[in-house]
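Counting in the UniProt record's numbering, the sequence shown runs from 1 upward without gaps.
Here a beta-carbon is modelled for each residue, glycine too, at the ideal position from N, C-alpha and C.
As the structure is a computational prediction, the values presented were derived from the model and not from experiment.
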Amino acid sequence: MEALKTLFLAIFVVLASALYSANAKIQEHEFVIQATPVKRLCNTHSTITVNGQFPGPTLEVNNGDTLVVKVTNKARYNVTIHWHGIRQMRTGWADGPEFVTQCPIRPGESYTYRFTIQGQEGTLWWHAHSSWLRATVYGALIIHPREGEAYPFTKPKRETPILLGEWWDANPIDVVRQATQTGAAPNISDAYTINGQPGDLYKCSSQGTTIVPIDSGETNLLRVINAALNQPLFFTVANHKLTVVGADASYLKPFTTNVIMLGPGQTTDVLIQGDQPPTRYYMAARAYQSAQNAPFDNTTTTAILEYKSAPCPAKGSSIKPVMPSLPAYNDTNTVTAFSKSFRSPRKVEVPAEIDDNLFFTIGLGLNNCPKNFNANQCQGPNGTRFTASMNNVSFVLPNNVSILQAHHLGVQGVFTTDFPTQPPVKFDYTGNVSRSLWQPVQGTKVTKLKFGSRVQIVLQDTSIVTPENHPIHLHGYDFYIVAEGFGNFDPNKDTSKFNLVDPPMRNTVAVPVNGWAVIRFVADNPGKINYLKSK
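What follows is the structure in structure tokens.
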């Protein structure tokens with residue numbers, strides 16, 4: 001009888017797999033990267049876009065579908081496209097980071113990305129992964145359940161992508177090039193945007209303000225994406241509760257909040273009820289700024305949630321929408337309470353035993369001014385040059401061969417395998433750090449993991465230059481965030497705080513300012529260059 005049960009189960013699994021494969025589709029798209037006139041804040045810029053759209057097109061697929069996207073580069077810059085959060089099982093060359101998994105698509109050339117979405121549902125996004133083109137080259141990637149399957153929450157009446165962005169009243173490539181040339185921090189953005197529009201609080205912007213429809217009694221799904229280059233953002237809707245049901249294309253145990261915070265690269269799915277008097281309400285987003293004394297864009301972007309059943313006078317521009325209250329820019333307590341609310345819907349299989357225990361310090365650094373540079377090239381603090389650092393290493397991109405290509409072809413001299421798995425020097429990470437530790441070494445360094453190894457990474461913020469909340473994204477993997485905390489991670493006492501029952505699964509973690517986060521995953525994506533980076 002047991003043999004028959006096993007046989008029946010095997011037949012069922014095979015039939016179910018065949019059924020899923022039969023329903024799966026191949027979705028083909030074409031992206032043309034091109035310069036397009038875009039007017040914002042009273043000025044028109046020759047903006048790099050996809051298919052002339054800003055933001056770019058929303059791609060909608062089902063779990064199990066295959067995406068085929070031909071990208072033709074008609075712009076004047078090299079470009080690649082990253083499919084943010086897609087696991088890329090056995091298709092690492094389709095991931096997109098320039099000179100990490102592929103060489104860039106040169107002007108006048110094209111490249112076709114092909115990959116299958118496997119076991120992922122929810123909201124992801126795509127964006128350029130070359131220089132600062134991501135400032136305008138981005139769009140939503142929506143993954144619906146397989147045909148015939150349902151969401152694990154109330155089916156929404158309508159679904160709306162909400163893409164939060166940063167806008168410079170300049171060419172973003174010029175902004176980052178100036179920072180590279182001077183060694184100073186890049187100029188802050190001039191506006192934030194919702195679906196490409198700054199909103200009513202900025203000059204010359206009211207005519208284009210994004211309108212999001214809702215009707216009384218509806219339950220709608222907002223797919224919120226932080227596509228900003230640098231800035232963590234608070235987001236809220238006046239007089240409406242937000243029920244969080246997913247993040248980074250993983251479902252969550254639902255919880256209700258007035259405000260959400262997203263680090264750059266993160267997504268959050270929220271349900272919103274049409275349960276308020278039918279009129280117009282502002283959606284609003286503004287900065288969460290955790291770095292002390294650092295300049296930031298303190299403006300507020302808005303869109304309008306508009307009830308379709310609102311009386312006609314309320315739909316006119318003369319009726320000002322209700323404005324929500326937002327947390328203070330430095331409200332870390334609200335961020336902490338929000339992140340601690342995240343749980344998986346049920347018990348999950350978190351690696352309990354660990355094969356590779358890694359500890360990465362993350363933060364800023366300052367390079368001393370090279371002898372052949374003049375003062376104009378060293379405009380960081382005290383005549384230095386700003387840089388970033390993990391375990392005292394500042395990453396240097398190759399410029400001829402991608403790391404993945406070099407790995408597969410055995411090309412020597414492109415990278416080394418000596419990235420430190422522990423801090424080279426242990427110190428008081430969140431205390432008063434000696435200036436001798438502020439200058440990292442430069443290199444294209446990787447660390448190797450064995451297939452199937454169970455990995456834990458402690459991500460530790462540092463107070464070098466200034467502590468701040470760091471969004472860390474791992475390409476090729478989802479991971480469980482088993483704990484977060486403040487101060488220096490202490491394995492003797494902090495492991496007791498680990499949630500090994502129902503931690504949230506994500507692809508981007510916001511490491512707390514002056515604190516740490518611990519993530520766990522199984523290294524089950526062979527041949528993939530798994531690119532861990534701070535946004």
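**Item:** Stretch pair the stretch 104-114 + the stretch 73-84: three plus CB contacts closer than 8 Å
**Value:** Contact holds: three or more Cβ-Cβ distances are below 8 Å.
**Message:** Can you tell me whether F479 is helix, strand or coil according to DSSP?
**Reply:** Here the question's residue 479 lines up with position 479 in the sequence shown. In the three-state scheme derived from DSSP, where H, G and I count as helix and E and B as strand, F479 is classed as strand.
**Asked** Would you call the stretch 296-310 and the stretch 425-436 touching, i.e. three or more CB-CB distances under 8 Å?
**Response** No contact exists between the stretch 296-310 and the stretch 425-436.
**Asked** Residues in its own chain within less than 6 Å of F521 by CB, not counting five upstream and five downstream?
**Response** One-based indexing of the sequence shown puts residue 521 at position 521. The beta carbon of F521 sits closer than 6 Å to the beta carbons of V455, Y477 and F479 from its chain, once the five residues preceding and following it are set aside; these are given in chain order.
**Request:** Please state whether DSSP places I162 in a helix, a strand or coil.
**Result:** Position 162 of the sequence shown, counted from the start, is the residue given in the question as residue 162. Note: I162 maps to strand in three-state DSSP.
**Message:** Taking the alpha carbon of D490 as the reference point, which residue from P370, F427, S453 and N469 has its own alpha carbon closest?
**Reply:** Locating residue 490 in the sequence shown gives position 490, where the first residue counts as 1. When each option's Cα is compared against that of D490, the closest is F427.
**Item:** Nearest neighbour of K347, chosen from M261, G485, L252 and V393 [CA to CA]
**Value:** Translated into the one-based positions of the sequence shown, residue 347 becomes position 347. Ranking the options by Cα distance to K347, first place goes to L252.
**Prompt:** Which word fits Q412, buried or exposed, when buried means at least 16 other C-beta atoms lie within 10 angstroms of its C-beta?
**Reply:** Numbered from its first residue, the sequence shown carries residue 412 at position 412. So Q412 ends up on the exposed side.
**Request:** Please list, in chain order, all residues of the same chain as S463 whose beta carbon is under 8 Å from its beta carbon, the five residues on each side excluded.
**Result:** To locate residue 463, count along the sequence shown from 1; it is residue 463. G363, Y429, T430, G431, N432, V433 and N514, listed in sequence order.
**Asked** In the structure shown, what three-state DSSP assignment does A184 receive?
**Response** One-based indexing of the sequence shown puts residue 184 at position 184. DSSP places A184 in coil when its eight states are reduced to three.
**Message:** Whole angstroms are fine: how far does the CA of V61 sit from the CA of L67?
**Reply:** Position 67 of the sequence shown, counting from 1, holds the residue named residue 67. Position 61 of the sequence shown, counting from 1, holds the residue named residue 61. Approximately 8 Å between the Cα atoms of the pair.
**In chain order, each alpha helix (DSSP H) run of at least 4 residues that lies wholly inside the UniProt domain "Plastocyanin-like" (33-147)** = Listed in chain order, there is nothing to give.
**Asked** Is the number of C-beta pairs between the stretch 241-249 and the stretch 202-218 that are closer than 8 Å three or more?
**Response** The stretch 241-249, when compared against the stretch 202-218, does not touch it at the 8 Å Cβ threshold.
**Message:** Please report the distance separating the alpha-carbon of S309 from that of I194.
**Reply:** Within the sequence shown, numbered from 1, the residue matching residue 309 stands at position 309. Within the sequence shown, numbered from 1, the residue matching residue 194 stands at position 194. Whole-angstrom Cα-Cα distance: 23 Å.
**Prompt:** Would you report the Cα separation of C369 and P440, rounded to the nearest angstrom?
**Reply:** By 1-based counting over the sequence shown, the position of residue 369 is 369. By 1-based counting over the sequence shown, the position of residue 440 is 440. The C-alpha of P440 is placed about 13 Å away from the C-alpha of C369.
**Asked** Thinking C-alpha only, which one of N293, A170, L141 and I481 is nearest V224?
**Response** To locate residue 224, count along the sequence shown from 1; it is residue 224. Of N293, A170, L141 and I481, the residue nearest in Cα terms is L141.
**Request:** Let me know the secondary structure DSSP gives F296 once reduced to three states.
**Result:** By 1-based counting over the sequence shown, the position of residue 296 is 296. Coil, per DSSP.
**Asked** Quick one: is L19 buried, meaning 16 or more other Cβ sit within 10 Å of its Cβ, or exposed?
**Response** Looking up residue 19 in the sequence shown gives position 19. Below a pLDDT of 50, predicted positions are generally treated as unreliable, and L19, at 48, falls in that range; no measurement from the model is reported.
**Message:** By alpha-carbon positions, which one of F153, D65 and P97 ends up nearest to H473?
**Reply:** Sequence index remark: in the sequence shown, residue 473 carries index 473 (1-based). Nearest Cα to H473 within the set F153, D65 and P97: P97.
**Asked** What does R346 pair with, by DSSP beta-bridge criteria?
**Response** Walking along the sequence shown from the start, residue 346 turns up at place 346. For R346, no pairing in a beta bridge is given by DSSP.
**Asked** Between the Cα of K70 and the Cα atoms of T58, G52 and F31, which residue gives the shortest distance?
**Response** The count along the sequence shown starts at 1 and reaches residue 70 at position 70. When only C-alpha atoms are compared, the closest one is F31.
**Message:** Per DSSP, what are the beta-bridge partners of H470 in this structure?
**Reply:** For the purposes of this step, residue 470 is taken as residue 470 along the sequence shown, with counting starting at 1. The beta-bridge partner set that DSSP reports for H470 consists of V511.
**Request:** Identify whether Q442 lies in helix, strand or coil by the three-state DSSP scheme.
**Result:** Here residue 442 is taken as the residue at index 442 of the sequence shown, counted from 1. Looking at Q442 - three-state DSSP - the assignment turns out to be strand.
**Item:** Distance between P186 and V511 (C-alpha atoms, nearest Å)
**Value:** If you number the sequence shown from 1, residue 511 lands on position 511. If you number the sequence shown from 1, residue 186 lands on position 186. Each residue's alpha carbon lies about 22 Å from the other.
**Request:** Rounded to whole angstroms, what's the CA-CA distance from I33 to L133? Just pull it up for me.
**Result:** Sequence index remark: in the sequence shown, residue 33 carries index 33 (1-based). Sequence index remark: in the sequence shown, residue 133 carries index 133 (1-based). Their Cα atoms are separated by approximately 10 Å.
**Item:** CA-to-CA distance, Q27 to R158, given in whole angstroms
**Value:** Position 158 of the sequence shown, counted from the start, is the residue given in the question as residue 158. Position 27 of the sequence shown, counted from the start, is the residue given in the question as residue 27. Note on geometry: alpha-carbon atoms of R158 and Q27 lie some 22 Å from one another.
**Request:** Taking A337 as part of the beta strand (DSSP E), name the residues at either end of that continuous run.
**Result:** For the purposes of this step, residue 337 is identified with residue 337 of the sequence shown, where counting begins at 1. Counting along the chain, A337 falls outside any beta strand (DSSP E), though it belongs to the alpha helix (DSSP H) covering T332 to S339.
**Asked** Looking at the structure shown, is P213 part of a helix, part of a strand, or coil, going by DSSP?
**Response** Position 213 of the sequence shown, counted from the start, is the residue given in the question as residue 213. Shown here, P213 sits in a strand according to DSSP, grouped into three states.
**Message:** Cutting at 8 Å between CB atoms, please list the residues of its own chain near K448, excluding the five before and the five after it.
**Reply:** Taking the sequence shown and counting its residues from 1, one reaches residue 448 at position 448. T417.
**Request:** Rank A135, T210, P471 and T361 by C-alpha distance to the C-alpha of S290 and give the top, closest one.
**Result:** Here residue 290 corresponds to residue number 290 of the sequence shown, with the count starting at 1. Ranking A135, T210, P471 and T361 by Cα distance to S290 puts P471 first.
**Message:** Need the endpoints of the beta strand (DSSP E) that D356 sits in, please.
**Reply:** For the purposes of this step, residue 356 is taken as residue 356 along the sequence shown, with counting starting at 1. Where D356 is concerned, the enclosing beta strand (DSSP E) starts and stops at D356 to N368.
**Prompt:** For L437, does the three-state DSSP call read helix, strand or coil?
**Reply:** The residue labelled residue 437 in the question sits at position 437 within the sequence shown. In the structure shown, the three-state DSSP call for L437 is helix.
**Prompt:** Ordered along the chain, which non-local residues of its own chain (more than five positions away) have a Cβ less than 7 Å from that of T101?
**Reply:** In the sequence shown, residue 101 corresponds to position 101, counting from 1. Sequence-distant partners of T101 (beyond 5 residues in either direction) whose C-beta falls short of 7 Å from its own C-beta, in its chain, are G92, W93, D95, S402, L404 and I529.
**Message:** Short of 6 Å in beta carbon distance, which residues of its chain neighbour Q460, apart from the five on each side in sequence? Order them along the chain.
**Reply:** Here the question's residue 460 lines up with position 460 in the sequence shown. Closer than 6 Å at the Cβ level, and outside the excluded window around Q460, lie T361, Y429, F489 and W516.
**Prompt:** Taking buried to mean at least 16 other C-beta atoms within 10 Å of its own C-beta, is Y288 buried or exposed?
**Reply:** Your numbering for residue 288 matches position 288 in the sequence shown. The residue in question, Y288, is buried, as its Cβ has 16 or more Cβ neighbours within 10 Å.
**Prompt:** Quick one: Cα of N376 to Cα of M283, how far?
**Reply:** On the sequence shown, position 376 is the one that residue 376 refers to. On the sequence shown, position 283 is the one that residue 283 refers to. Using only the alpha carbons, I get a separation of about 42 Å.
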